[in-house]
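At position 43 of the sequence shown the residue is numbered 43 (the working numbering), and the sequence of numbers has no breaks.
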Amino acid sequence: MNTFLVALWMSLASAAIPTKTTAPKPQKLLAGQGAVTGGLAGAGFSLVNVTLAKTQKKERVVIDLGDIKGAPVRGYPTYYHAELQNSPRRLVIDFSQTATVFIDEKELRQRLKGSTAIAGSSFVLDPTDQTLSLILDLKKNVKAQIFQVPGQKGTSRVVVDLL
Numbered sequence: 001m002n003t004f005l006v007a008l009w010m011s012l013a014s015a016a017i018p019t020k021t022t023a024p025k026p027q028k029l030l031a032g033q034g035a036v037t038g039g040l041a042g043a044g045f046s047l048v049n050v051t052l053a054k055t056q057k058k059e060r061v062v063i064d065l066g067d068i069k070g071a072p073v074r075g076y077p078t079y080y081h082a083e084l085q086n087s088p089r090r091l092v093i094d095f096s097q098t099a100t101v102f103i104d105e106k107e108l109r110q111r112l113k114g115s116t117a118i119a120g121s122s123f124v125l126d127p128t129d130q131t132l133s134l135i136l137d138l139k140k141n142v143k144a145q146i147f148q149v150p151g152q153k154g155t156s157r158v159v160v161d162l163l
């Protein structure tokens, strides 16, 4: 009996210790064509925001995902499948269980305006499958690196580096 209580006490004590968090690691580099997946299945998500940041070496597109009402989500974003296509030259990112979008296509194009890598953008919302496809038409032969950032205080994110 005492052994059981000691084991129970030890397991409860170790459960209170926070786990070590590590920085998100970019997935494989997509060149020409290829695909990556990430995220987790959940009850429902929304596209909250898309932003563009540029440096001399790359452009970064940050896709913020929230819960179905747009509130921050703790943990990883919804399941996604990103595919770099060669003909036509574009990056298509499909987000499962994402039925709500808080920006329209005009606003999306405005936010990505001035990009040296992105020629155009659009999204397709399938209400039956609750899938959102974000389509980035690319100007040139670029490489893409995609990774996910779990939400801790803010929204969870999918980050696309265009090199």
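For every residue, glycine included, the Cβ atom is placed at its ideal position computed from N, Cα and C. Here the structure is a predicted model, which means the values were calculated and not measured.
- Counting the other Cβ atoms within 10 Å of the Cβ of Q97 gives 16 or more, which makes it buried.
- Secondary structure of K106 (DSSP, three-state): helix.
- Residue pairing for Q56: DSSP places it in no beta bridge.
- CA-CA distance, N49 to D64, rounds to 5 Å.
- R74: not part of any beta strand (DSSP E); DSSP gives it neither H nor E.
- V101 is not a Cβ neighbour of G151, given a cutoff of 8 Å.
- Taken through DSSP and simplified to helix, strand or coil, R89 comes out as coil.
- Under the 10 Å beta carbon count, A117 is surrounded by 16 or more other beta carbons and is classified as buried.
- Take the alpha-carbon of Q130 and the one of K54: they are about 31 Å apart.
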